[in-house]
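Chemist: My numbering applies: residue 615 is where the sequence shown begins, and numbers increase by one.
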Amino acid sequence: MSSMSEHASDLFAQAESSKNAKRIYTVSQITQDIKLVLENTFGEIWVEGEVSNFSASAAGHLYFSLKDDLAILAGVMFARASKDVKFKIENGLKIVCCGRIAVYGPRSQYQIIIERLEPKGIGSLQLALEQLKQRLEKEGLFAQEHKKPIPYLPARIGVVTSLQGAAVKDILKVLDRRFRDVEIIIIPVKVQGEGAKEEIAQAIKDFNGFNHGLALADRIEVLIVGRGGGSIEDLWAFNEEVVARAIYASKIPVISAVGHERDWTIADLVADVRAATPSVAAELVIPKKEDLQEAVYDVGVRLRRAFLDNTGRFAEAIDDALHRLGLGTQHLCALSAGRLDTLVKKLALLNPIAQIQQYQLKIMDMARQASVRIDHFLAMKDSQFTKAVERLAGLSPLNILSRGYSITFRMSAEEIVRDATQVSIGEKIKTRLHQGYLISQVTEVDRDGGD
């Protein structure tokens, strides 16, 4: 500021002296003087205005003007700053921006170089969310006719979430409690921060690619995509366009399970079904085994009751018809007992209850076959799981340690010691045993490998 004041004083002094001596400026000199005055007078400032004359370069630079009722100010936002803008800047949008005043000499134009900006009256993330919602809705990504039904009692479920969060634990706990016989495949992803949106979208694509070429019985039947709750910033990966389009393109039905009950993400709107939390998603996709057993029993009771009721009514109808024929028709007396017996047998063959009995027997036979196949499938899967657990146990480092081996680490560098040349006399080392660990100090080093 002192240099600006001194320069201003020089200008005033020159103005006073001009009464006696005429000074002629060049255009660049006067522009340079104006540049010095403006840039030294204004530091970092905030300016409010309406966007007009907006344009963007291929390099990512943004050019527009800020205006109010009385004036207009040119502005530029270079690519290094504009990459952090989440929402779409367009003409007519009222914004508040922070930057510094600069003078562009070739045009003798002053402008503001913007470092950051935000929409007036609404958060930038909220505006970005609303803009993306409107655009995707116009494209039909939220349309109800595009929603796919969730399969009843799927054999295989795919899960896209983080292994570190509570969401995956909630999903597994609910599925285990409701129906243990379901196969669950998890693709772990980041659910917030840099790279999260790309990992989520790719996992959805990978599940669909996995299904390609497989028999129907071996395919992933439904996906649960989500995470636990958080702020709008934490959940932002599920508001990204790349995730929305991956869900929309999925041939596998998708349940969005982002852990927040009040606010909806873009993923919720595109998905085939929205669940308020990961636990609710697991409850939606798998009914309780007890409920299934109760429903099957109830259907069986209703079938038996309907069969008995219909059989009695049909027998009464036959008796009534024969009775009325006997009372009202004289030539019925001429019918022989044999012909009457034949008539009754023909009526019995036309009885719909007989057909119901046949279908009931078929259903019972199919149910027995399904039960045998399910039991065989579950036994096979249980055997495969047991073998896999045994193989994993054999590969466990703890299993190796239990046989008397140990692992030694350098205390200073937290690295495994594989060679005596890695440690020095006097250095502390940490030895991991099967049960616990030891801290020791090196008193002797044999680098030749001798006894």
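A virtual CB, placed ideally from N, CA and C, is assigned to each residue, including glycine.
Predicted, not measured: the structure shown is a model, and the values here were computed from it.
Considering only their Cβ atoms, is the gap separating Ile726 from Gly713 smaller than 8 Å?
Modeler: Taking the sequence shown and counting its residues from 1, the one referred to as residue 713 is at position 99. Taking the sequence shown and counting its residues from 1, the one referred to as residue 726 is at position 112. Contact: yes.
Chemist: Going by other Cβ atoms of all chains shown within 10 Å of its Cβ, with 16 needed for buried, is Val805 buried or exposed?
Modeler: As a working note, residue 805 is residue 191 in the sequence shown. So Val805 ends up on the buried side.
Chemist: Which word fits Glu854, buried or exposed, when buried means at least 16 other C-beta atoms lie within 10 angstroms of its C-beta?
Modeler: Translated into positions along the sequence shown, residue 854 becomes position 240. Within 10 angstroms of the beta-carbon of Glu854 lie 16 or more other beta-carbons, which makes it buried.
Chemist: Since Val856 contacts Glu812 with CB under 8 Å, what's their CB separation in whole angstroms?
Modeler: In the sequence shown, the residue the question calls residue 856 occupies position 242. In the sequence shown, the residue the question calls residue 812 occupies position 198. Contact flag correct, Cβ pair sits at about 7 Å.
Chemist: Given a cut-off of 8 Å on the beta-carbon distance, is the pair Thr655 and Val717 in contact?
Modeler: On the sequence shown, residue 655 is found 41 positions in, with the first residue counted as 1. On the sequence shown, residue 717 is found 103 positions in, with the first residue counted as 1. No, Cβ-Cβ distance for Thr655 and Val717 is not below 8 Å.
Chemist: Considering just the uninterrupted stretch of the alpha helix (DSSP H) at Tyr862, what are its terminal residues?
Modeler: Taking the first residue of the sequence shown as 1, we reach residue 862 at position 248. Per DSSP, Tyr862 belongs to the alpha helix (DSSP H) from Glu855 to Ala863.
Chemist: Taking C-alpha atoms, which residue in Ile798, Arg730, Arg637 and Glu847 lies nearest to Pro768?
Modeler: Against the sequence shown, residue 768 aligns to sequence position 154. Of the listed residues, the one whose Cα sits closest to Pro768 is Ile798.
Chemist: Could you check if Phe701 is buried or exposed, using at least 16 other CB atoms within 10 Å of its CB as the buried criterion?
Modeler: As a first step, residue 701 must be located in the sequence shown, where it is residue number 87. So Phe701 ends up on the buried side.
Chemist: What do you reckon, are the CB atoms on Ile728 and Met691 nearer than 8 Å?
Modeler: As a first step, residue 728 is located in the sequence shown; it is residue number 114 there, counting from the start. As a first step, residue 691 is located in the sequence shown; it is residue number 77 there, counting from the start. A contact, by the Cβ cut-off of 8 Å.
Chemist: When you compare the CB positions of Ile785 and Ile838, do they come within less than 8 Å of one another, or not?
Modeler: For this step, residue 785 is matched to residue 171 along the sequence shown. For this step, residue 838 is matched to residue 224 along the sequence shown. Yes; because the gap between Cβ atoms is below 8 Å, this pair is in contact.
Chemist: Rounded to the nearest angstrom, what separates Ser669 and Cys711 at their Cα positions?
Modeler: The sequence position of residue 669 within the sequence shown is 55, counting from 1. The sequence position of residue 711 within the sequence shown is 97, counting from 1. Going by the C-alpha atoms only, they are around 17 Å apart.
Chemist: Rounded to the nearest angstrom, what separates Arg859 and Glu759 at their Cα positions?
Modeler: Here residue 859 corresponds to residue number 245 of the sequence shown, with the count starting at 1. Here residue 759 corresponds to residue number 145 of the sequence shown, with the count starting at 1. Cα-Cα distance, rounded: 16 Å.
Chemist: Taking 8 Å as the threshold (C-beta atoms), are Arg1046 and Ser1016 in contact?
Modeler: For this step, residue 1016 is matched to residue 402 along the sequence shown. For this step, residue 1046 is matched to residue 432 along the sequence shown. No, the Cβ-Cβ distance between Ser1016 and Arg1046 is not below 8 Å.
Chemist: By the three-class DSSP mapping on this structure, what secondary structure does Tyr639 have?
Modeler: Within the sequence shown, residue 639 is the residue found at index 25, counting from 1. Tyr639 falls in the coil class under three-state DSSP.
Chemist: Helix or strand or just coil, what does DSSP make of Leu949?
Modeler: Translated into the one-based positions of the sequence shown, residue 949 becomes position 335. Low per-residue confidence applies at Leu949: pLDDT is 44, beneath 50, and the placement is therefore not dependable enough to give any value.
Chemist: Tell me the DSSP secondary structure of Ser985 in three-state form.
Modeler: For this step, residue 985 is matched to residue 371 along the sequence shown. Ser985 falls in the helix class under three-state DSSP.
Chemist: Starting from Gly823, trace the alpha helix (DSSP H) both ways and give me its first and last residue.
Modeler: Taking the first residue of the sequence shown as position 1, residue 823 is located at position 209. Taken as a continuous stretch (DSSP letters only), the alpha helix (DSSP H) holding Gly823 covers Ala810 to Asn825.
Chemist: Work out the CA separation of Ala890 and His675 for me, nearest whole Å.
Modeler: The sequence position of residue 675 within the sequence shown is 61, counting from 1. The sequence position of residue 890 within the sequence shown is 276, counting from 1. Spanning the two alpha carbons is a distance of roughly 40 Å.
Chemist: When the distance is taken between beta carbons, is Glu662 closer than 8 Å to Lys734?
Modeler: Working through the sequence shown from its first residue, we reach residue 734 at position 120. Working through the sequence shown from its first residue, we reach residue 662 at position 48. A contact, by the Cβ cut-off of 8 Å.
Chemist: Let's test the definition: count the other Cβ atoms within 10 Å of the Cβ of Ile686 and tell me whether it reaches 16, buried, or not, exposed.
Modeler: Position 72 of the sequence shown holds residue 686. With fewer than 16 other beta carbons inside 10 angstroms of its own, Ile686 counts as exposed.
Chemist: Do you know whose CA, among Thr640, Ala1027 and Gly719, lies nearest Thr652's CA?
Modeler: Position 38 of the sequence shown, counting from 1, holds the residue named residue 652. A small correction: the amino acid at residue 652 is Leu; Thr does not occupy that position in the sequence shown. Of the listed residues, the one whose Cα sits closest to Leu652 is Gly719.
Chemist: Since Leu849 and Thr879 should fall inside the 8 Å C-beta cutoff, what is the C-beta to C-beta distance between them, to a whole number of angstroms?
Modeler: Translated into the one-based positions of the sequence shown, residue 849 becomes position 235. Translated into the one-based positions of the sequence shown, residue 879 becomes position 265. Sure, about 6 Å apart at Cβ, within 8 Å.
Chemist: Quick one: Cα of Ala976 to Cα of Arg982, how far?
Modeler: For the purposes of this step, residue 976 is taken as the residue at position 362 of the sequence shown. For the purposes of this step, residue 982 is taken as the residue at position 368 of the sequence shown. It should be noted that the sequence gives Lys, not Ala, for residue 976. Cα-Cα distance, rounded: 10 Å.
Chemist: In the DSSP assignment, the alpha helix (DSSP H) including Lys708 goes from what residue to what residue?
Modeler: Taking the first residue of the sequence shown as position 1, residue 708 is located at position 94. Element bounds for Lys708: not the alpha helix (DSSP H) but the beta strand (DSSP E), Lys708 to Tyr718.
Chemist: Hey, would you say Arg792 sits closer than 8 Å to Ile869, going by beta carbons?
Modeler: Position 178 of the sequence shown, counted from the first residue, corresponds to residue 792. Position 255 of the sequence shown, counted from the first residue, corresponds to residue 869. Contact: no.
Chemist: Verify whether the separation of the beta carbon atoms of Val872 and Arg841 is less than 8 Å.
Modeler: Counting from 1 along the sequence shown, the entry for residue 872 is found at position 258. Counting from 1 along the sequence shown, the entry for residue 841 is found at position 227. The answer is yes: Cβ separation under 8 Å.
Chemist: Give the DSSP bridge partners of Arg730, in chain order.
Modeler: As a first step, residue 730 is located in the sequence shown; it is residue number 116 there, counting from the start. Note: Arg730 sits in a beta bridge opposite Cys712.
Chemist: Using DSSP bridges, identify the partner residues of Gln1055.
Modeler: Counting from 1 along the sequence shown, the entry for residue 1055 is found at position 441. Paired residue(s): Lys1042.
Chemist: In chain order, what residues of the same chain lie with their CB nearer than 6 Å to the CB of Ser893, ignoring the 5 residues before and after it?
Modeler: Position 279 of the sequence shown, counted from the first residue, corresponds to residue 893. Around Ser893: Asp784 and Val788.
Chemist: According to the Cβ coordinates, are Ser1106 and Val803 closer than 8 Å?
Modeler: Limits of the chain in this structure are 615 at one end and 1065 at the other, which puts residue 1106 out of reach.
Chemist: With respect to the alpha helix (DSSP H) encompassing Ala693, which residues constitute its N-terminal and C-terminal limits?
Modeler: By one-based count along the sequence shown, residue 693 stands at place 79. Where Ala693 is concerned, the enclosing alpha helix (DSSP H) stretches over Ala693 to Ser696.
Chemist: To which residues of the same chain is His945 closer than 7 Å at the C-beta, ignoring the five residues directly before and after it?
Modeler: The sequence position of residue 945 within the sequence shown is 331, counting from 1. Its pLDDT being 42, under 50, His945 is placed unreliably by the model, and the measurement read from it follows with that caveat. Excluding residues within five positions, none has a Cβ falling inside 7 Å.
Chemist: Would you decide whether Tyr862 is buried or exposed? Buried here means 16 or more other CB atoms lie within 10 Å of its CB.
Modeler: As a first step, residue 862 is located in the sequence shown; it is residue number 248 there, counting from the start. Tyr862 should be labelled buried.
Chemist: Which of helix, strand or coil does DSSP assign to Val782?
Modeler: Here residue 782 refers to the residue found at position 168 of the sequence shown. In the three-state reduction of the DSSP assignment, Val782 falls in the helix class.
Chemist: Starting from Ser722, follow the alpha helix (DSSP H) in both directions and report where the run begins and ends.
Modeler: In the sequence shown, the residue the question calls residue 722 occupies position 108. That residue, Ser722, is in no alpha helix (DSSP H); it is neither H nor E in DSSP.
Chemist: Relative to the C-alpha of Phe821, which candidate in Val773, Val796, Phe852 and Gly779 has its C-alpha closest?
Modeler: Indexing the sequence shown from 1 puts residue 821 at position 207. It is Val773 whose Cα lies nearest to the Cα of Phe821.
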